[in-house]
């Protein structure tokens, strides 16, 4: 007997139900996040007023928590492009239910990352000096500097990610427009720009979507490579390494997919999306987390091996200091050991277990960046300069505020725009039906 | 002679494709087709060629890459900045800027080109559109004379249309 469930209409109903007017608990959650954001903003205001002395930044560790947050959030963004663009080009069957969530995360994570160079700048009002424009002070960015490459790479990534997200949303928002009334209908009419799914519209749309996926794929690989060159181009022991680009890209996809799981697992339950975002989808995401965890573990081993093999005394010393630092062992435990249970298919389909592992990975990947950035700087070429880094309340609060900012944007999106792509789920409805059939057979 | 728009709604994609073939056989070569999902077979049945968005993205990408080189080489020569004996025109790092601008211009020109080709934003509804075409129905809208109306309606019904309605053409 042919399986006909879910039908197109059932997919629409399930996704459009997520756009119903949110209740009190939702606004309470948004209010809580707003409080954290306000606290973070107040701490930033104090930092602007008093100067960077309120942070833990001291010589020689002048890059620490803010740059760690920047790299962390840019890394988080990478899973979205992997799932939405790279897996689209590979015609992956399971991406349809989860790609919108990952893509949304990408856009908001890059927006969050973009805050940190500004916060780290101290005198944020001179931000416009970074822009290449003719001026009487003869100031022009040095295009041989990796920091300028980074500015170009991250701003291009933000723009292309938003364009890609927006393109995917157009047919879904047009669908939501037909089903809604009042201000929502006006809002969806504006966002969908008059989309009606004519053959002429699909003809150009499909081609552009494919081309954007083709453009986003090398872009995503370039962005974290460029971020890694912020470090690798310097001579500092612990930074100056040729493996940084692939190592950072793998780490970025690892942390990004873990955060997709962290958000999706509660979201699919609260929004009652288990029939669309099935265990099969989560299983595949967990496999990517496991696979990238193995690449990251291999990178850690290679990095240490290269230090030992070269016998460079400065590199050896930096790594000796790193090995006696708690941050290193947190990252090894969280990134190399904690994901190993995902080899078991039963654990990959156990959502509480996967959620806990994904949290470990998020923590581990933050520490990885912190160990590389602050750890390497704090033990540089000159032992007389060495000094440990102490995180300040200001840095902790701004970091907390950035998580709240990201979660608030994501939470607002889930209630006002379709967080699961109806169009792509309908396009691959056969695979969804097969996944549901397999899931129910397994449960039985 | 007055014109009408005959609209058929189909639950199934294959039936819609069959209707497109039947209409083409009867001489109606360019009906307007609505679909809730992208469907390559439907576009092929309508005889659509590949979208010119490709050429627009290519041009945008080339302009972006050239702009990247022009910006980096031009400003470096105009404001020379000597650091560590590195050449003023250092092509290797400039490739990175050119690459990023190639992607940026390619994507933005593609979006702009797409908007132009489909005339976005559209304020008026396309003739023959029914709300269900955004959700779970495929639709075919055929402009025909009043005299041909029943022939088109029969064609659509025979192909499997579950609903056939008509609209007068403005």
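Residue numbers (the numbering used here), protein chains in the order written: chain A, 49 to 492; chain B, 146 to 315.
Beta carbons are placed, not taken as given, at the ideal position from N, Cα and C, and that holds for glycine.
Note that the structure is a prediction, hence the values are computed from the model and not measured.
Asked: Would you give the residue range spanned by the alpha helix (DSSP H) that residue 203/A belongs to?; Found: 194-227
Asked: To which residues of the same chain is residue 269/A closer than 7 Å at the C-beta, ignoring the five residues directly before and after it?; Found: 297
Asked: Counting only beta-carbon separations shorter than 8 Å, does residue 302/B have a partner in chain A?; Found: no
Asked: Give the DSSP bridge partners of residue 150/B, in chain order.; Found: 288/B and 312/B
Asked: Quick check on the burial criterion: 16 or more other C-beta atoms within 10 angstroms. Buried or exposed for residue 443/A?; Found: buried
Asked: In whole angstroms, give me the CA-to-CA distance for residue 277/A and residue 252/B.; Found: 25 Å
Asked: Excluding five sequence neighbours on each side, which residues of the same chain lie with their C-beta closer than 7 Å to the C-beta of residue 190/B?; Found: 162, 165 and 166
Asked: From this set, 293/B, 256/B, 269/B and 283/B, which residue's C-alpha is nearest residue 205/B's C-alpha?; Found: 256/B
Asked: Roughly how many angstroms separate the alpha carbons of residue 273/B and residue 300/A, rounded to a whole number?; Found: 47 Å
Asked: Who are the Cβ neighbours of residue 326/A in its own chain at under 8 Å, not counting the five residues just before and after it?; Found: 145, 480, 483, 484 and 487
Asked: Output, in chain order, the set of chain A residues within a Cβ distance shorter than 9 Å of residue 256/B.; Found: 211, 214, 215, 256 and 260
Asked: Could you tell me which of 212/A, 267/A, 201/A and 363/A sits nearest to residue 7/A, measuring between CA atoms?; Found: The structure shown does not extend to residue 7/A, since chain A spans only 49 to 492, so no value can be given for it.
Asked: My output table needs one value for residue 244/B: the three-state DSSP class, helix, strand or coil.; Found: helix
Asked: Verify whether the separation of the beta carbon atoms of residue 88/A and residue 445/A is less than 8 Å.; Found: yes
Asked: Could you tell me the alpha carbon to alpha carbon distance between residue 281/A and residue 419/A, rounded to whole angstroms?; Found: 18 Å
Asked: On the DSSP letters alone, give me the boundaries of the alpha helix (DSSP H) that residue 370/A sits inside.; Found: 361-371
Asked: For residue 155/B, go through chain A and note every residue whose CB falls closer than 8 Å to its CB, in chain order.; Found: Within chain A, no residue comes near residue 155/B; the closest Cβ sits about 12 Å away, beyond 8 Å.
Asked: Would you kindly check if the distance between the Cβ of residue 85/A and the Cβ of residue 318/A is under 8 Å?; Found: no
Asked: Mind checking which residues open and close the beta strand (DSSP E) that includes residue 282/B?; Found: No beta strand (DSSP E) holds residue 282/B; DSSP gives it neither H nor E.
Asked: Can you find a CB in chain A that lies within less than 8 Å of the CB of residue 158/B?; Found: no
Asked: Take residue 350/A and list the residues in its own chain whose beta-carbon comes closer than 7 Å to its own, dropping the five residues that flank it on each side.; Found: 291
Asked: Can you grab the Cα-Cα spacing for the pair residue 79/A / residue 311/A, in whole Å?; Found: 19 Å
Asked: If you measure beta-carbon to beta-carbon, which residues of the region 131-163 of chain A are closer than 8 Å to chain B?; Found: none
Asked: With a Cβ-Cβ cutoff of 8 Å, do residue 417/A and residue 116/A count as a contact?; Found: yes
Asked: Mapping DSSP to helix, strand and coil, what is residue 177/B?; Found: strand
Asked: How is residue 509/A classed by DSSP in three states: helix, strand or coil?; Found: Residue 509/A is absent from the model: chain A starts at 49 and stops at 492.
Asked: Give me the chain A residues within the contact set of residue 221/B, using Cβ-Cβ distance strictly less than 7 Å, ordered along the chain.; Found: 191
Asked: To the nearest whole angstrom, what separates the beta carbons of residue 159/A and residue 128/A, a pair I think is in contact under 8 Å?; Found: Actually they do not touch by this definition, with Cβ atoms about 12 Å apart.
Asked: So if DSSP puts residue 109/A in a beta bridge, which residue, or which two residues, is it bridged to?; Found: 106/A
Asked: Tell me whether residue 302/A is buried or exposed, calling it buried when 16 or more other Cβ atoms sit within 10 Å of its Cβ.; Found: buried
Asked: So the candidates are 260/A, 164/A and 209/A; which of them puts its Cα closest to the Cα of residue 258/B?; Found: 260/A
Asked: Could you compute how far the alpha carbon of residue 468/A sits from the alpha carbon of residue 395/A?; Found: 25 Å
Asked: If we cut at 8 Å on Cβ distances, does residue 192/B have a partner in chain A?; Found: no
Asked: If we define contact as Cβ-Cβ less than 8 Å, is residue 188/A a contact residue for chain B?; Found: yes
Asked: Which same chain residues end up closer than 6 Å to residue 286/B when comparing Cβ atoms and leaving out the 5 residues on each side of it in sequence?; Found: 150, 152, 177 and 273
Asked: Cβ atoms of residue 182/B and residue 246/A: under 8 Å apart, would you say?; Found: no
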